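First the structure, in the form of structure tokens, and then the observations on it.
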Amino acid sequence: MDEVPFFNEGNCSGSMNCSENNSSLLVFGEVCQAHLVMFFIMAIAYGAVALLAVIGNVALILIIMKQKEMHNVTNLLIANLSVSDLLMSVMCLPFTPLYTLMDHWVFGEVMCKLNNMVQCVSVSVSILSLVLIAVERHQLIINPRGWRPNNMHAYIGIAITWVMAICISLPLMLFNIVTDDPLSCTTLQDSIMASVCISNWPSETSADYTTCLLMIRYRLWLIFMCYR
């Protein structure tokens, strides 16, 4: 009579658990390695951009400030453009890669509100500064003997750009909040509780605000510069 092989269920389940654990560890190791590579790439890229932006814009602002012969309308508007770019480089660029890599917000509610608002203010000031530069160049080239803006007009225009930019960016500060929501980690297929910085708009206000922002910051001034 042939012997019936003894089936050890415990050994089988143990080996299966071991293989599953090993495969999970391998996947986790690959994920960690991929995250480290992505972290270094983003850190180098964002760090280089931020460093060059800070050095270049600070140098330009100091040159225009120290040399009185460069105190003209065009250079003042260019300096204003550099200030808005510098604000973006200092207040926004350092947080973007960290938030992207960590998948949760660790900088507090104040920075959550300021970060998106500063981005909007910086972009708005840059656009309005380019509009003012286009107007000044238009007057100089098309109508050289007519009205020409002076430095006082440039300072007034710069003040108006910042006031307008802050006003249209205020809703971002009002409706941005830090909240704990379950996030689905696409890499590890797990659900975790983490703090996230989101815009908590009532009903369809977000779509209305985005449409108004598109009209005020882009289409209106694009039409103005094209058909001036």
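Residue numbers (UniProt numbering): 1 to 228.
In this text, a Cβ means the ideal position worked out from N, Cα and C, and glycines have one as well.
This structure is a prediction, so every number in the text was calculated from the model and none was measured.
In the DSSP assignment, find the unbroken alpha helix (DSSP H) run with residue i in it and report its ends.
i: Gln-139; result: 108–142
i: Arg-223; result: Just to set this straight, residue 223 is Ile in the shown sequence, not Arg. Element bounds for Ile-223: 220–226.
Under a CB-based cut-off of 9 Å, is residue i close to chain B?
i: Leu-132; result: Protein chains in the displayed structure number just one, and chain B is not present.
Which of helix, strand or coil does DSSP assign to residue i?
i: Tyr-85; result: Residue identity differs from the one stated: residue 85 is Asp in this sequence, not Tyr. The answer is helix: DSSP assigns Asp-85 an H, G or I state.
i: Ser-195; result: strand
i: Asn-200; result: coil
i: Asn-150; result: coil
i: Asp-208; result: helix
i: Asn-176; result: strand
i: Trp-162; result: helix
i: Cys-92; result: coil
i: Arg-145; result: coil
i: Ile-216; result: helix
i: Asn-72; result: coil
Do residue i and residue j have their C-beta atoms within less than 9 Å of each other?
i: Ser-124; j: Thr-161; result: yes
i: Ile-177; j: Asn-143; result: no
i: Ala-154; j: Leu-132; result: yes
i: Leu-51; j: Ile-78; result: no
i: Asn-116; j: Met-173; result: yes
i: Arg-217; j: Ile-168; result: yes
i: Trp-105; j: Val-196; result: yes
Give me, in chain order, the residues of the same chain whose beta-carbon lies closer than 6 Å to that of residue i; leave out the 5 immediate sequence neighbours on both sides.
i: Ile-55; result: none
i: Met-225; result: Ala-134
Who are the near neighbours of residue i in its chain, counting only those whose CB is closer than 8 Å to its CB and skipping five residues on each side?
i: Ser-126; result: Leu-81, Ser-84 and Asp-85
i: Gln-139; result: Gly-146, Trp-147, Arg-148 and Pro-149
If I measure Cβ to Cβ from residue i and keep anything under 7 Å in the same chain, skipping five residues before and after, which residues do I get?
i: Pro-97; result: Met-42, Ala-43 and Tyr-46
i: Pro-171; result: Tyr-209
i: His-71; result: Asn-151
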